[in-house]
Amino acid sequence: MVAAQDVNIPTLGKDGNVFLFGGVYSSESVGETLNFIATDYQDAYILGGGYQYFFLGGENGTRLGLEGGAALRHGPDVSGEAWAGLVLRSDGFINTDKVKISASITGGLSLITNPLDVEVVREISRNGDSTFLFYMAPELSISTPSNPDMELFWRVQHRSGGWNTLGNMGEGANANTLGIRWSF
12 MVAAQDVNIP TLGKDGNVFL FGGVYSSESV GETLNFIATD YQDAYILGGG
62 YQYFFLGGEN GTRLGLEGGA ALRHGPDVSG EAWAGLVLRS DGFINTDKVK
112 ISASITGGLS LITNPLDVEV VREISRNGDS TFLFYMAPEL SISTPSNPDM
162 ELFWRVQHRS GGWNTLGNMG EGANANTLGI RWSF
């Protein structure tokens, strides 16, 4: 018989976390923004935070949860953004004794108080409205075994009309961000 302490069961992490991030908006598409070194950055910035709660997970480290967040956006006026959606996360797809790298993607809906310059240009070109759009945030995060409840991450903050589904919009706005997350 095998004792419980002798069985190596993968841990799925904790159910909840909070995060803070900041970044710079790109004037390009989400695909071009993913190339964070070569993208064309604007004089527009984002500072935000959020909460994630995971309610479903498997032994392979894949988890499903909810995310909600809010941000201040500047460029040139100040505006607010709020979003909510589902988050799918793969915990530790690279996991060594020195580092753990995880990946996730969040998809949902985003609401803003007023558009950034790049959104205004896109609204005019499409006769659209970027107030209420889809939200997507692909992300890579890194943590260490010595401090597993804190991780650093890179995330693309993306808003889109989903091929004219919402607001008669294509791209809304895209930002490359860096952040920190605490699990509990």
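When the letters of the sequence shown are read in order and numbered with our numbering, they come out as residues 12 to 195. Virtual Cβ for every residue (Gly too), placed ideally from N, Cα, C. As the structure is a computational prediction, the values presented were derived from the model and not from experiment.
Check whether residue i and residue j have beta carbons under 7 Å apart
i	j	result
residue 78	residue 60	no
residue 150	residue 183	no
residue 178	residue 118	no
residue 74	residue 100	yes
residue 144	residue 172	yes
residue 166	residue 28	no
residue 36	residue 63	no
residue 146	residue 163	no
residue 168	residue 188	yes
residue 55	residue 86	yes
residue 51	residue 70	no
Run of the alpha helix (DSSP H) containing residue i, from where it starts to where it stops
i	result
residue 39	Neither: residue 39 is in no alpha helix (DSSP H) and is coded neither H nor E.
residue 128	128–137
Nearest-angstrom beta carbon gap, residue j and residue i [assumed within contact, 8 Å]
i	j	result
residue 186	residue 57	5 Å
residue 93	residue 122	5 Å
residue 72	residue 91	Not quite, the Cβ-Cβ distance comes to about 34 Å (not below 8 Å), so this is no contact.
residue 156	residue 108	6 Å
residue 32	residue 190	3 Å
Opening and closing residue of the beta strand (DSSP E) in which residue i lies
i	result
residue 157	Careful: residue 157 lies outside any beta strand (DSSP E) and carries neither H nor E.
residue 111	111–123
residue 194	182–194
**OP:** Say whether the region 78–87 touches the region 99–114, bearing in mind that this needs 3 or more beta-carbon pairs closer than 8 Å, one atom from each stretch.
**Re:** no
**OP:** Scan the region 68–107 and note each continuous alpha helix (DSSP H) run of 4 residues or more that stays entirely inside, going in chain order.
**Re:** none
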